[in-house]
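Here the sequence shown is numbered in my numbering, starting from -13 and rising by one per residue.
Heads up, the beta-carbon is just placed ideally off N, CA and C, and yes, glycines get one too.
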Amino acid sequence: MRRLLFLWAEIIRGIPLIFVIFWLWYLLPMLTGGDLPGAVTVTGAGVVYRRLGDALGAGRAAVAAERTV
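And the structure:
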């Protein structure tokens, strides 16, 4: 299970920011029911991208620290 989670984390971390922007460009209007300005989409994509990277990096560091103890 741990290896599958590491693989999943590497896949998520390997996604370029431009893909996240495109996903949100098409997903947010479907979820909200209306068009959103491009600045909102790009800002949201940047936030999502950064938060995923931070969360996955912190999780990896915690597991690495746990292994050394």
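Range of the contiguous alpha helix (DSSP H) that encloses residue i
| i | result |
| --- | --- |
| V23 | Position check: residue 23 holds Pro in this sequence, whereas Val was assumed. From DSSP, P23 is part of no alpha helix (DSSP H); its letter is neither H nor E. |
| P15 | L3 to T18 |
Residue i versus the options, residue with shortest Cα-Cα distance
| i | options | result |
| --- | --- | --- |
| I1 | V49, A44 and V34 | V34 |
| T29 | L42, R46 and L14 | L14 |
| G43 | L(-10), L(-7), R(-11) and R(-1) | R(-1) |
| A80 | R(-11), W9, E(-4) and R(-12) | No answer is possible for residue 80: it lies beyond the span of the chain, which begins at -13 and ends at 55. |
Pairwise C-alpha distance: residue j and residue i
| i | j | result |
| --- | --- | --- |
| M16 | V6 | 15 Å |
| M37 | A31 | Residue 37 is actually Arg in this sequence, not Met. Answer to the nearest angstrom: the Cα atoms are 10 Å apart. |
| G20 | G39 | 28 Å |
| V26 | V49 | 34 Å |
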